[in-house]
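First the structure, in the form of structure tokens, and then the observations on it.
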Amino acid sequence: MIIGSIAIIALAALLAPWLHRWLGWRAGYVLALAPAAGFVYYARELMGVAEGRALVSTLEWLPELGVSLGFRVDGLSMLFCLLITGIGTFVLMYATPYMKDYALRGRFFSYLLGFMGSMLGLVVADNVILLFIFWELTSITSYLLIGFDHDRLAARKAALQALLTTGLGGLALLAGLILLATAAGTYEISRMGPISGDHPLYVGALVCILAGCFTKSAQFPFHYWLPNAMEAPSPVSAFLHSSTMVKAGVFLLAKLNPIMGETALWDTLLVGFGGFTMLFAAYLATRKTELKPVLAYSTVSSLGIITMLIGVGGTYGTLAAMGYLFAHALFKAALFLIAGIVVHATHEKNTEKLGGLARAMPFTALAAVVAGLSLAGAPPMLGFVGKELLLKAGLGSANAIPAIAIASVTGVAAALTVMAAFVVVWKPFFGRKPEHAGHAHDDAANNDDASNDHGHHGHGDHAPHEAPFTMWIGPITLGVLTILGALLPVYFVDAVVKSAAHDVLHNAAAIEPVARTVYEGTSLAAFDMLYISTPLLISLGALAVGLVLYVLRKPYRATTELLAPIDRVGPLRMYHWALDGVVALAKRQTRFLQNGSLPIYLRFVVTAMLVLVGVALLRTGGLGTLRNDLDDLGIVEGILVLMMIAAAYATTRQRSRLATIAILGIVGYAVALIFVLFGAPDVSMTQFAVETLTVVLFVLVVYHLPRFALFSNRATRLMDALIASVAGLAVGALVLASSAETSIAPISWYFNEHAYPAEGDPAGRHYAYGRNLVNVILVDFRSMDTLGEITVLGIAAIGVFTLLRLRPDREPFAEPTGAATFGADEPDHKRASQGEGERPHREGSA
Amino acid sequence: MHTLLAIAAGVMFASGLYMMFRRSFVKLIIGLVLIGHAANIVIFTSGGLVRGAPALIPAGEARLPDDPAFTDPLPPALILTAIVISFAIISYTIVLVRRAYQAIGTDDLDQMRSTDK
Amino acid sequence: MNSVILRTAARVLLPLLVIFSIILLLRGHNVPGGGFVGGLLVASAVVLYAMAEGPRKARAIMRIDLQVLIGIGLLIGLAAGLIGVAAGEPFMAGLWFEFPAPGLGEIKVGTPLLFDIGVYVTVLAVCLHMILSLAEDA
Chain W
1 MIIGSIAIIA LAALLAPWLH RWLGWRAGYV LALAPAAGFV YYARELMGVA
51 EGRALVSTLE WLPELGVSLG FRVDGLSMLF CLLITGIGTF VLMYATPYMK
101 DYALRGRFFS YLLGFMGSML GLVVADNVIL LFIFWELTSI TSYLLIGFDH
151 DRLAARKAAL QALLTTGLGG LALLAGLILL ATAAGTYEIS RMGPISGDHP
201 LYVGALVCIL AGCFTKSAQF PFHYWLPNAM EAPSPVSAFL HSSTMVKAGV
251 FLLAKLNPIM GETALWDTLL VGFGGFTMLF AAYLATRKTE LKPVLAYSTV
301 SSLGIITMLI GVGGTYGTLA AMGYLFAHAL FKAALFLIAG IVVHATHEKN
351 TEKLGGLARA MPFTALAAVV AGLSLAGAPP MLGFVGKELL LKAGLGSANA
401 IPAIAIASVT GVAAALTVMA AFVVVWKPFF GRKPEHAGHA HDDAANNDDA
451 SNDHGHHGHG DHAPHEAPFT MWIGPITLGV LTILGALLPV YFVDAVVKSA
501 AHDVLHNAAA IEPVARTVYE GTSLAAFDML YISTPLLISL GALAVGLVLY
551 VLRKPYRATT ELLAPIDRVG PLRMYHWALD GVVALAKRQT RFLQNGSLPI
601 YLRFVVTAML VLVGVALLRT GGLGTLRNDL DDLGIVEGIL VLMMIAAAYA
651 TTRQRSRLAT IAILGIVGYA VALIFVLFGA PDVSMTQFAV ETLTVVLFVL
701 VVYHLPRFAL FSNRATRLMD ALIASVAGLA VGALVLASSA ETSIAPISWY
751 FNEHAYPAEG DPAGRHYAYG RNLVNVILVD FRSMDTLGEI TVLGIAAIGV
801 FTLLRLRPDR EPFAEPTGAA TFGADEPDHK RASQGEGERP HREGSA
Chain L
847 MHTLLAIAAG VMFASGLYMM FRRSFVKLII GLVLIGHAAN IVIFTSGGLV
897 RGAPALIPAG EARLPDDPAF TDPLPPALIL TAIVISFAII SYTIVLVRRA
947 YQAIGTDDLD QMRSTDK
Chain R
964 MNSVILRTAA RVLLPLLVIF SIILLLRGHN VPGGGFVGGL LVASAVVLYA
1014 MAEGPRKARA IMRIDLQVLI GIGLLIGLAA GLIGVAAGEP FMAGLWFEFP
1064 APGLGEIKVG TPLLFDIGVY VTVLAVCLHM ILSLAEDA
């Protein structure tokens, strides 16, 4: 059934384009049934999972190798499954009217559902390789979604940036997961036990996995891609940046917490990076004035909070991580959807030019207020519960980083987040609309990307109006859940959050008998937190400071503007610098190594080969003992070999083509004679015949070939002569070494034994019945090779024929015309008279 | 004899390589031929050199005598096919050079790099 | 090379060389020779003929399209291998059959011989096809 829930979404993704063709723009409502069905399934299983009965489903893949596709839904996965399918359903309903005017609606829904299925696969996969595959699928599908408006440069760049950053992290993750699996001895996460920090692979696995998780979850210094990814249409932002894509990193951190989380290194890194990201991103959020960038940086900040909380760990830290994660998914999804509605209706995304929308769109405003309060962490919202837990966990932290530091940083970040919440909710809906911004439209059009969120623009003046039901129902429902969950947690929040936290807590195994009840004493109800305590005081203080900052936002922004130069040396610079560097390097190495010149390629190949042979010769101790065998030299052999040497050298000096061919013939015939002298008559005969045919071949074409020309200068020729000489030395050394080396027994005794039966031997079929061993080898023992070789011959012949006959300027397979070089086909014996004299003179001929 | 053949193989290989380094397409073919010969010599000597004793089982015998030694039949068998194959390769290359020369009008290998664009 | 001596020599030599090549082919299993050498020899003989009479006439005396002949040669080689398979042996296993021949005693015919014939035909057709194509194109 787990597989079924993924399969139905994948099927919907495949059918999306056709459904859009048949049903028009309303097809999105039908498609929303797929995640809705998944949600119903997981919601029904929630209680069982909360009681500790994880859903398991295994698909045998390669049973012989013990490879199976394991899926497992425990408390943590259940939390994500519900968020993905639940919010996914609302996002599809919302996107249906939102994307109405897009031409490529079908494709959009296909991508979105493909992403949804990948994300669902990621959170239910039990095998780390399977998890990685789904992880990469989310990277690829999110690339397609972020760059969906592919005719805009900004969207393409943002998509590429997200893909490169998360893709690079994905590579590191793969390495980390393999190290982890090696250390743990299994690829199934559910079977991995805790890994000690002393394990030699631990640090390597940790660094690689953190690189993967931090890039995906946009932790500093990889936070830059997330705000840029706001180029995506709003439903995509709402889905990717609330409950899915960016949460994949923190999901994996939480998943691995019981396995890798017992070390101080893990805790310190997570708290350090998470805490800094939380504060830094919250600050960046307050500097933005446009809706989606504020929300984007606030998302980065929230991800920092969750990362930090996983590092803080302990009963409270873990519970806070899951509680905040759940609360954040609800309110952030709602806020992104609302931002989409606002921009859709007003064609304006700068909050300073918006105001008073509450009257025109009451439902949206209501949802915005609830979600905004939750973001600000005001009671009685789920966000308040999350933040109380967070402060409690921070104050009680036993981390290497002091609790007081964690708590105060959290307090500052909370205040900044409150200000951001006012900017995105209060200002557009209840703030005062500036007089001169009546035609903000034109500014936006100049801005180009103001129109990215809607398919149509350029309408004249029109009053903002309430969005259709299917667009605001999502935010409203999420808002209702935000309130209900905080007031009456026993209905679902307890089951979802506590069982998730239980599975993340790394010493859960130690307290197994009471495991499911470990959090029972902890109330998640908002009213139970409203008593005078340090966390509550910090919360109230943050609310007050945030409100003041909002009121004084103009001087605040002016002040922080002074710090802007710091941004120029930020990680985004590094990203561009690295990207340009890679491109430049690729260009240079291509120009250097793959310049299209065959001689240069050859020089590289030969030099590399010489280095390898040289190293091998030096390592094995050179040539071994060399025999001096020059004394038994026969006179005929000696003369033949000297001829070969002289002729081979002469080819390099010769300038006439015809003379070169004649000299080549001398080499060939001399080699043939050597063969016959040393007991290889078959080879010798073959060599004679081939040599003859080769000369004929050369003579046939020689006058059609270009004359030898001198292209290279003296220095190049000297260098080539040097390389060639060293290579020649190496070949000579190889011959000597092979004759000195006799430790390898020849295999020819087998051929000798099986060639011919002895007299009186019962003639079995195990003999080849041949006395000429060379021929027997060719046609019997190694006949398969020979068959391959004659096939190659056939192909070469057809290749030659084709090259000669099939030309653009000639009818295919036409009868050859024109005079032949030899023969009497033509009655007038017209000779082909393209003599050397007609060729352009390039070099003095011999 | 090994030493002398080693020198011969080395010189043929070096000459062939030098010819292949030249930018002229025709020299490339000549280099190819020379390197083919050198390779055959290398293979041939690796089986040991025995004068005038081909691997032919004498009539009435079932196998080659152990003494005197005979030429190992495997290297000749390998070389035999190599010779015929290299003939095919040389033919193909020659035709290729001809066609390239006709089509492009140059035999400078460095001039040909831009032709496949 | 339109010379009377060459023409006469080529006409006389051609059948002799063909017969010699067939002897090389059939005896190759026991004495130096075989399909490769035999095929090359016939090719050389026909090239000699082409030098005297022209490539078109040389193709004509072959009486069969050389490209088809390449295929026939390869099929013979393949068939020699498949006979072993048909007899339940591995591909390319050598099988021998003895025939009593009047006056000659027993004649042994084996699949390696058939395979060598395939090699002979292929090599001869390949070399001729290449050289004659070039000669025609020259």
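As given, the protein sequences belong to chains W, L and R, one line each in that order.
Mapping to this note's numbering: the first sequence position 522 is 522, numbers consecutive.
Mapping to this note's numbering: the second sequence position 61 is 907, numbers consecutive.
Mapping to this note's numbering: the third sequence position 2 is 965, numbers consecutive.
Don't be surprised by glycine CBs; every beta carbon is placed ideally from N, CA and C.
Item, Value
"Euclidean distance between Cα positions of Pro-571/W and Trp-61/W", "42 Å"
"Phe-678/W, DSSP secondary structure in three states", "coil"
"Residues of its chain near Gly-272/W, where Cβ-Cβ distance is below 7 Å and the 5 sequence neighbours each way are ignored", "Ile-401"
"Backbone CA spacing between Gly-1047/R and Ser-783/W [nearest angstrom]", "12 Å"
"Rounded C-alpha distance that separates Leu-69/W from Ala-334/W", "35 Å"
"Alpha-carbon spacing of Pro-379/W relative to Arg-21/W, whole angstroms", "47 Å"
"Chain-ordered residues of the region 1082-1100 of chain R with a beta carbon less than 9 Å from chain L", "Val-1086, Val-1089, Cys-1090, Met-1093, Ile-1094, Ser-1096, Leu-1097, Asp-1100"
"Between the CA atoms of Pro-900/L and Tyr-669/W - distance to the nearest angstrom", "19 Å"
"Interface residues of chain L facing Phe-999/R [CB-CB closer than 7 Å]", "Leu-926, Val-930"
"Distance, Ala-616/W Cα to Phe-251/W Cα", "50 Å"
"Where Tyr-1012/R falls, given that 16 or more other Cβ within 10 Å makes a residue buried", "buried"
"Beta-carbon contacts of Glu-637/W that lie in its chain and below 8 Å, excluding the five residues immediately before and after", "Ile-674, Leu-677"
"Pair within 8 Å by beta-carbon distance, Val-246/W and Leu-240/W", "yes"
"Whether His-1092/R touches Leu-1003/R by CB criterion (8 Å)", "no"
"Span separating the alpha-carbon of Gln-948/L from that of Ile-881/L", "26 Å"
"Positions along the region 874-896 of chain L whose CB lies within less than 9 Å of some CB in chain W", "Leu-874, Ile-875, Ile-876, Gly-877, Val-879, Leu-880, His-883, Ala-884, Ala-885, Asn-886, Ile-887, Val-888, Phe-890, Thr-891, Ser-892, Gly-893, Gly-894, Leu-895, Val-896"
"Cross-chain neighbours of Phe-850/W in chain L, by beta carbon under 8 Å", "Past the edges of chain W, shown from 1 to 846, lies residue 850/W, and the structure says nothing about it."
"For Trp-1059/R, the residue or residues it bridges with in DSSP", "Gly-1073/R"
"Residues bridged to Val-73/W (per DSSP)", "Leu-55/W"
"Nearest to Arg-771/W (by Cα), restricted to the options Ile-931/L, Glu-907/L, Thr-891/L, Arg-897/L", "Glu-907/L"
"Chain-ordered chain W contacts of Gly-1051/R [CB-CB under 7 Å]", "Chain W residues near Gly-1051/R: none, gap ~11 Å exceeds 7 Å."
"Local conformation of Asn-868/W per DSSP, three classes", "Given a span of 1 to 846 for chain W in the structure shown, any question on residue 868/W remains unanswerable."
"Beta-carbon gap between Ile-1190/R and Gly-794/W smaller than 8 Å", "Nothing can be reported for residue 1190/R, as the shown portion of chain R is limited to 964 through 1101."
"Interfacial residues, the region 982-995 of chain R to chain W, with Cβ spacing under 7 Å", "Gly-991, His-992, Asn-993, Val-994, Pro-995"
"Where Asp-954/L sits in the DSSP three-state scheme", "strand"
"Where Ser-196/W falls: helix, strand or coil (DSSP)", "coil"
"Cα-Cα separation between Pro-555/W and Lys-100/W, rounded to whole angstroms", "41 Å"
"From Arg-152/W, Thr-607/W, Ser-242/W, Arg-72/W, residue whose alpha carbon lies closest to that of Arg-191/W", "Arg-72/W"
"Cα-Cα separation, Leu-773/W to His-848/L", "24 Å"
"Inter-residue spacing [alpha-carbon to alpha-carbon] between Met-119/W and Leu-389/W", "27 Å"
"Chain-ordered neighbours of Val-941/L on chain R, where CB pairs are closer than 9 Å", "Met-1093, Ser-1096, Leu-1097, Asp-1100"
"Residue burial classification, Thr-470/W (beta-carbon count within 10 angstroms, cutoff 16)", "buried"
"Test item: CB-CB of Ala-1050/R and Leu-1041/R under 8 Å", "no"
"Selected residue, minimal CA-CA separation from Ser-748/W, among Thr-927/L, Pro-921/L, Val-943/L", "Pro-921/L"
"Contact set for Ile-835/L: own chain, Cβ-Cβ below 7 Å, skip 5 residues either direction", "This structure cannot settle anything about residue 835/L, because the visible part of chain L is limited to 847 through 963."
"Where Gly-42/W meets chain L, residues with beta-carbon distance less than 8 Å", "The sequence given here has Tyr at residue 42/W, not Gly. Those within 8 Å of Tyr-42/W in chain L number zero; the least Cβ separation is about 56 Å."
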